[in-house]
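All remarks here apply to the structure that follows.
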Amino acid sequence: MSEQAARGAPSSLEKLRQGARKLFVEQGYPNTRPQDIARESGVANGTFYIHFADKKEAFLDFAEQAQAELLRQYAVNLDGISGHRNRWRVICNTVVEFSIENPGVLQAAFLDPVFIAPNDKNAWRLYDRLGHFVEMAMDPSDGDSKITADYDSELISHALCGLLRHAMVYASRKKMDKDKMIDDLSLFIDRGLGGG
């Protein structure tokens, strides 16, 4: 038995997901066709349509998978971290590390779904996942009900996502030290939300 057979070969769906992710990030949604995804994935064109109704559905699946990956990483990294600023630092660092390890994925998976499928409730659901960003940062040991009562946490979460995105572009362009950027952002966010 081969090593790959022992581990279990990737399913056709997993192959399609890997191929779609690569092409949506490298070529963008408009320039990626279902047959390109099938070819990149090493499966027949018809196999694409077994798993996805169309390119839009494949893209929304890609976005869902990438977001789930980032959210799992948040959960792992935030486990056992206390204090607002420390939690914001971990959140900012997780976003930065994810974007370094997965170039182009944040832009495609978090911002593009509602532009690609503006009338699709699933696309907006994916977009609104960002609305729990602030709640994720709240320290369960501190009883943060005051902070979430003072603000519409979903509104602030979306604002912070924009802040982080633009800050990361700026820091990259200016070749800013990653740790300095994370310290500055986490302090600013923490103070802005009344944490310090």
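If you count by the numbering used here, then the sequence shown holds residues 1024 to 1219, one letter each, in order. Idealized CB from N, CA, C, for every residue including glycine. On a predicted model such as this, the values are computed, not experimentally measured, just so you know.
- Every alpha helix (DSSP H) of 4 residues or more that sits fully in the stretch 1076-1119 is shown, in chain order, as 1078-1101.
- Contact check for PHE1071 against PHE1047 fails: the beta carbons are separated by 7 Å or more.
- A distance below 6 Å between beta-carbons, with the five flanking residues on each side excluded, links ILE1104 to the following residues of its chain, in chain order: ARG1110, VAL1113.
- Here GLN1058 has ASN1068, PHE1071 as same chain residues with Cβ atoms under 8 Å from its own Cβ, once five neighbours each way along the sequence are excluded.
- DSSP, read as helix, strand or coil, puts MET1191 in helix.
- In terms of Cα proximity to ALA1194, the closest of SER1180, ILE1123, ALA1131 is ILE1123.
- As summarised for the stretch 1124-1148, the continuous alpha helix (DSSP H) elements at least 4 residues long and confined to that stretch are 1136-1139, given in chain order.
- Under the three-state reduction of DSSP output, GLY1185 falls in the helix class.
- Selection PHE1082, ILE1073, ASN1054, GLN1041 evaluated against SER1064 yields GLN1041 as nearest (Cα-Cα).
- Residue ranges of uninterrupted beta strand (DSSP E) with 3 or more members are absent from the stretch 1032-1066; none lies entirely inside it.
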